[in-house]
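Enquirer: Numbering (this note's numbering), first residue to last: 267 to 843. We put the beta carbon where it would ideally sit given N, CA and C, even for glycine. Quantities reported herein were computed from a predicted structural model and do not represent experimental measurements. Below you will find the structure I want to go over with you.
In C-alpha cells:
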C-alpha cells in the first residue's frame, strides 16, 4: 500500500472537505496557470495513486444507513484505501495470443498506426453518448477519419484524441487492443498537461478530454485523480464563462453569429463567438455535462461542488438548460432568447420561459444531479443540536416536494429505443431516487419524517432494473455510487428486521411507491402491520431487491472496476448478516 487517502467528509457544517495522504511518492502534480484558468483553485494530486482497491475499507463495510454513521460521514464512499500503482507503459506488452505487439510512443503528439487508431475509434463510438461526449459527433467523426497530415484533422487536440483512444482501448473486446490502455492513459494525461500551455487548440476539446479522463479515473476507482480532472474541466468552463452563455446580464450587439448569427459579449473570455448554432450547442451541452459531473461526484467524495445556484455566490448559472444536439442542428434557440439564474430558478420553483417545450435528456440529468447534491447538503445541516429546526424542516419539505414532482414528470425508461439513451435515463431516474434517500439520511428522528420514504425510493430504484436489456459493456460510474446508497438502505432494513423488536411493530412504508415490500405477509390480509405480521417474508423481499441491485453491479464489473469492488464489498456484508 503506497498511499491511503482519507476523505473525511464532506458537507460538514463548515462546508469543507479534509483530504490528507499519509504516504506517497511520485512526480509532482501538474499545475494550472492561474492566469489562464480564471476561477481555478489548485488541487494537489499524488499521481502515483493506484487505479483501484480490491476490498472495502473497514469504514465502508461498517457505514450502514444508521443516522449516527451518516452524520459523521457524508461521503457515499467514506475512506478510501488504494493499492500499488499499475505497471509501466505498453512497449513490452503482449497481445491476446502472448506474442509481442507494436510499441507505442509515449509522445501524445505522435499518431498511433492508422489501423490501430481506426480500431480504437470504432470501439469508442458505440458508447459515445454514455461517455458524456458533447462535441458534435458527425463533425468529430469526419475530422478523425482524415489522414494525419490533413489540416482539418490537425485541428483536433491530441488530448482529445488520446482520451478517445484510451476509452477505445478500455472498451475493446480484443485483449491485444486492450493492452494499449496504460500507454494511452499516459499519453492522454501528458497531452492535457501540455495543452494547458498551448493555446493552439480549442478549449472545448480540452474540456471534453478532461471529462473523458475524469470519467475513466472514476470508473477505475481512482477517485483523487478523477476529482482532479473534473476540477480541471470546471476551471476551464469557468475561465471561458460557460456559465454565462445567453445570459440576460449581457447586452450583445444587434448582429448574428460570427458568420451571421448572434454574438454575445465576450469580456474576460478566451472563446470567440460561436460560428453557428451547432458550436453554441457544443458549449451549452459541454457546460452542463461538466456541471452534472461535478455535482454528482462532489456527493460521492464528500467535497464541496464548484458550482452554486445561489446568486450571491458569484457563480450562479445563467446558461439555459441544454437542448438535444439535433435541435441545435435544426437552428438552436431563438436569436433573442436569454436566461438567468437557471439553477436557482429550478430550485425555488420560479417559472421561466423554456427554450424548448420538452426537457432534453442532459437537462434532466443536470436537474437530477442538482437535487442529489442539494438533498445531501441539506441533510448535512441537520443534527440534534440544530437550533432553528423549523427553518431546516421547512426547507426539507420544499426540497422533498420538488424531488417528488421531478420524479413524477420523468419519462419512463421504455420510451427510448437505443441502449445509450436508456442508460442515460436510468442514471437520471436513479439520481432522483438517491436524492430522496440522501435527504432522509439525517431527519429520521424528527417528527413526521420517519415515513420510510427512503425505503420506497430504494425499492423504486431497484424496480428500474426489471427487464432492463442493456449490453454489459459500459455504464456511467456514478451508478456505482447511487446503487451503493440503495444497497445501504436495504442492508439497514435487513438489520432492522433481524433485531428482536422487529416483530413487535413496524412503521408503514410510504404509500407513494407500492410494490414488493408492501405485500401482505403470509397468513394476513392487512399488509405489513398488525398483530399477525412477521418479519420473515419482508426480510426475504428485501433480500431479493438487494440481490437484484447487486446482480446489476456485477454485470458491469469488467468495464468498471469500481462497480466490481463495491459489489464484492456488499456481498461480504450480506454474507455476514
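Going by the DSSP bridge assignment, what does residue 605 pair with across the sheet?
Expert: Position 339 of the chain shown, counting from 1, holds the residue named residue 605. Residue 605 pairs with 513.
Enquirer: I'd like to check one pair, residue 385 with residue 443: are the Cβ atoms closer than 7 Å?
Expert: Here residue 443 refers to the residue found at position 177 when the chain shown is read from its first residue. Here residue 385 refers to the residue found at position 119 when the chain shown is read from its first residue. Yes, these two residues count as a Cβ contact at 7 Å.
Enquirer: How big is the Cα-Cα spacing for residue 482 and residue 766?
Expert: For the purposes of this step, residue 482 is taken as the residue at position 216 of the chain shown. For the purposes of this step, residue 766 is taken as the residue at position 500 of the chain shown. Rounded to whole angstroms, residue 482 to residue 766 spans 45 Å at the Cα level.
Enquirer: Cα-Cα, which of 502, 810, 424 and 395 is closest to residue 409?
Expert: Locating residue 409 in the chain shown gives position 143, counting from the first residue. Here the closest residue by C-alpha is 424.
Enquirer: Skipping 5 residues on each side, what residues in its chain have a beta carbon closer than 7 Å to that of residue 759?
Expert: To locate residue 759, count along the chain shown from 1; it is residue 493. The answer, listed in chain order, is 721 and 808.
Enquirer: Can you give the beta carbon distance from residue 705 to residue 644, rounded, assuming they're within the 8 Å contact cut?
Expert: If you number the chain shown from 1, residue 705 lands on position 439. If you number the chain shown from 1, residue 644 lands on position 378. Going by Cβ atoms, the distance from residue 705 to residue 644 rounds to 7 Å, so yes, they are a contact pair.
Enquirer: Are the CB atoms of residue 588 and residue 626 nearer to each other than 7 Å?
Expert: As a working mapping, residue 588 is identified with position 322 in the chain shown. As a working mapping, residue 626 is identified with position 360 in the chain shown. In this structure, residue 626 lies closer than 7 Å to residue 588 by Cβ.
Enquirer: Assign residue 432 to buried or exposed, taking buried as 16 or more other Cβ atoms, counted over all protein chains shown, within 10 Å of its Cβ.
Expert: For the purposes of this step, residue 432 is taken as the residue at position 166 of the chain shown. Buried is the call here.
Enquirer: Do you know offhand how far residue 840's Cα is from residue 757's?
Expert: Looking up residue 840 in the chain shown gives position 574. Looking up residue 757 in the chain shown gives position 491. So the two alpha carbons sit approximately 7 Å from each other.
Enquirer: Which of the three DSSP states, helix, strand or coil, is assigned to residue 431?
Expert: Here residue 431 corresponds to residue number 165 of the chain shown, with the count starting at 1. Helix, per DSSP.
Enquirer: Are the CB atoms of residue 701 and residue 669 nearer to each other than 7 Å?
Expert: Stepping through the chain shown from its first residue, residue 701 is reached at position 435. Stepping through the chain shown from its first residue, residue 669 is reached at position 403. Contact flag set, yes.
Enquirer: Hey, would you say residue 428 sits closer than 7 Å to residue 460, going by beta carbons?
Expert: Looking up residue 428 in the chain shown gives position 162. Looking up residue 460 in the chain shown gives position 194. No; because the gap between Cβ atoms is not below 7 Å, this pair is not in contact.
Enquirer: Can you tell me the Cα-Cα spacing of residue 642 and residue 709, whole angstroms?
Expert: Taking the first residue of the chain shown as position 1, residue 642 is located at position 376. Taking the first residue of the chain shown as position 1, residue 709 is located at position 443. Whole-angstrom Cα-Cα distance: 11 Å.
Enquirer: Where does the unbroken alpha helix (DSSP H) through residue 547 begin, and where does it stop?
Expert: Taking the chain shown and counting its residues from 1, the one referred to as residue 547 is at position 281. Here the alpha helix (DSSP H) through residue 547 covers 543-567.
Enquirer: For residue 390, which residues from the same chain have a beta carbon less than 6 Å from its beta carbon, with the 5 sequence-adjacent residues on both sides left out?
Expert: In the chain shown, the residue the question calls residue 390 occupies position 124. If we look at residue 390 and ignore the five residues flanking it on each side, its Cβ neighbours are 430, 433 and 434.
Enquirer: Between residue 486 and chain E, is there a C-beta pair that is closer than 7 Å?
Expert: Although the question refers to chain E, the structure presented lacks it and comprises just one protein chain.
Enquirer: Do you know offhand how far residue 449's Cα is from residue 671's?
Expert: Reading the chain shown from its first residue, position 183 is the one you call residue 449. Reading the chain shown from its first residue, position 405 is the one you call residue 671. Approximately 47 Å between the Cα atoms of the pair.
Enquirer: Starting from residue 735, trace the alpha helix (DSSP H) in both directions and tell me its first and last residue.
Expert: One-based indexing of the chain shown puts residue 735 at position 469. Residue 735 -> no alpha helix (DSSP H), and no H or E assigned at all.
Enquirer: Give me, in chain order, the residues of the same chain whose beta-carbon lies closer than 6 Å to that of residue 557; leave out the 5 immediate sequence neighbours on both sides.
Expert: Position 291 of the chain shown holds residue 557. If we look at residue 557 and ignore the five residues flanking it on each side, its Cβ neighbours are 573 and 632.
Enquirer: Count the other CB atoms within 10 Å of the CB of residue 375; is the residue buried (16 or more) or exposed (fewer)?
Expert: Sequence index remark: in the chain shown, residue 375 carries index 109 (1-based). Burial call: exposed.
Enquirer: As a quick exercise: from 831, 762, 473 and 828, pick the residue whose alpha carbon is nearest that of residue 805.
Expert: Within the chain shown, residue 805 is the residue found at index 539, counting from 1. Nearest C-alpha to residue 805: 762.
Enquirer: Distance, Cα to Cα, residue 568 vs residue 378?
Expert: Here residue 568 refers to the residue found at position 302 of the chain shown. Here residue 378 refers to the residue found at position 112 of the chain shown. Answer to the nearest angstrom: the Cα atoms are 39 Å apart.
Enquirer: Please confirm if the region 534-548 is in contact with the region 612-626, defined as three or more CB-CB distances below 8 Å between the two stretches.
Expert: Counting C-beta pairs closer than 8 Å gives fewer than three between the region 534-548 and the region 612-626, which falls short of the contact rule.
Enquirer: CB residue 755 to CB residue 728, shorter than 7 Å?
Expert: Walking along the chain shown from the start, residue 755 turns up at place 489. Walking along the chain shown from the start, residue 728 turns up at place 462. Taking 7 Å as the Cβ cut-off, residue 755 and residue 728 do not qualify as a contacting pair.
Enquirer: Residue 554 to residue 726, Cα distance in whole Å?
Expert: Start at 1 with the first residue of the chain shown, and residue 554 comes out as number 288. Start at 1 with the first residue of the chain shown, and residue 726 comes out as number 460. About 26 Å.
Enquirer: Out of 421, 493 and 628, point me to the one whose CA is closest to residue 467's CA.
Expert: Residue numbering aside, residue 467 sits at position 201 when the chain shown is read from its first letter. If we check each option's Cα against that of residue 467, 421 comes out closest.
Enquirer: Just to confirm my understanding: we take residue 842, look at its own chain, exclude 5 residues before and 5 after, and list those with CB closer than 8 Å. What are they?
Expert: In the chain shown, the residue the question calls residue 842 occupies position 576. Contacts found: none.
Enquirer: Okay, do the region 736-744 and the region 685-696 touch, 3+ Cβ pairs below 8 Å being the bar?
Expert: Verdict: yes, contact present.
Enquirer: For my contact list, residue 544 and residue 402 are in at a C-beta cut-off of 8 Å; report their separation, rounded to the angstrom.
Expert: Taking the chain shown and counting its residues from 1, the one referred to as residue 544 is at position 278. Taking the chain shown and counting its residues from 1, the one referred to as residue 402 is at position 136. Indeed they touch by this definition, with Cβ atoms about 5 Å apart.
Enquirer: Applying the criterion that 16 or more other CB atoms from any shown protein chain within 10 Å of the CB defines a buried residue, is residue 663 buried or exposed?
Expert: The residue labelled residue 663 in the question sits at position 397 within the chain shown. Classification of residue 663: exposed, given that the 10 Å Cβ count is below 16.
Enquirer: Return the chain-ordered list of same chain residues with a C-beta closer than 6 Å to the C-beta of residue 830, the five sequence neighbours on each side being excluded.
Expert: By 1-based counting over the chain shown, the position of residue 830 is 564. Excluding sequence neighbours, residue 830 sits near 823.
Enquirer: From this set, 515, 510 and 478, which residue's C-alpha is nearest residue 498's C-alpha?
Expert: Taking the first residue of the chain shown as position 1, residue 498 is located at position 232. Of the candidates 515, 510 and 478, the one whose C-alpha sits nearest the C-alpha of residue 498 is 478.
Enquirer: Give me, in chain order, the residues of the same chain whose beta-carbon lies closer than 6 Å to that of residue 583; leave out the 5 immediate sequence neighbours on both sides.
Expert: Counting from 1 along the chain shown, the entry for residue 583 is found at position 317. So the list reads 509, 608 and 609, once near-sequence residues are dropped.
Enquirer: What would DSSP say about residue 765, mapped onto helix, strand or coil?
Expert: Within the chain shown, numbered from 1, the residue matching residue 765 stands at position 499. Coil.
Enquirer: Where residue 603 and residue 474 are concerned, what is the direct C-alpha to C-alpha distance, given to the nearest angstrom?
Expert: Your numbering for residue 603 matches position 337 in the chain shown. Your numbering for residue 474 matches position 208 in the chain shown. As the crow flies, the alpha-carbon of residue 603 is around 26 Å from that of residue 474.
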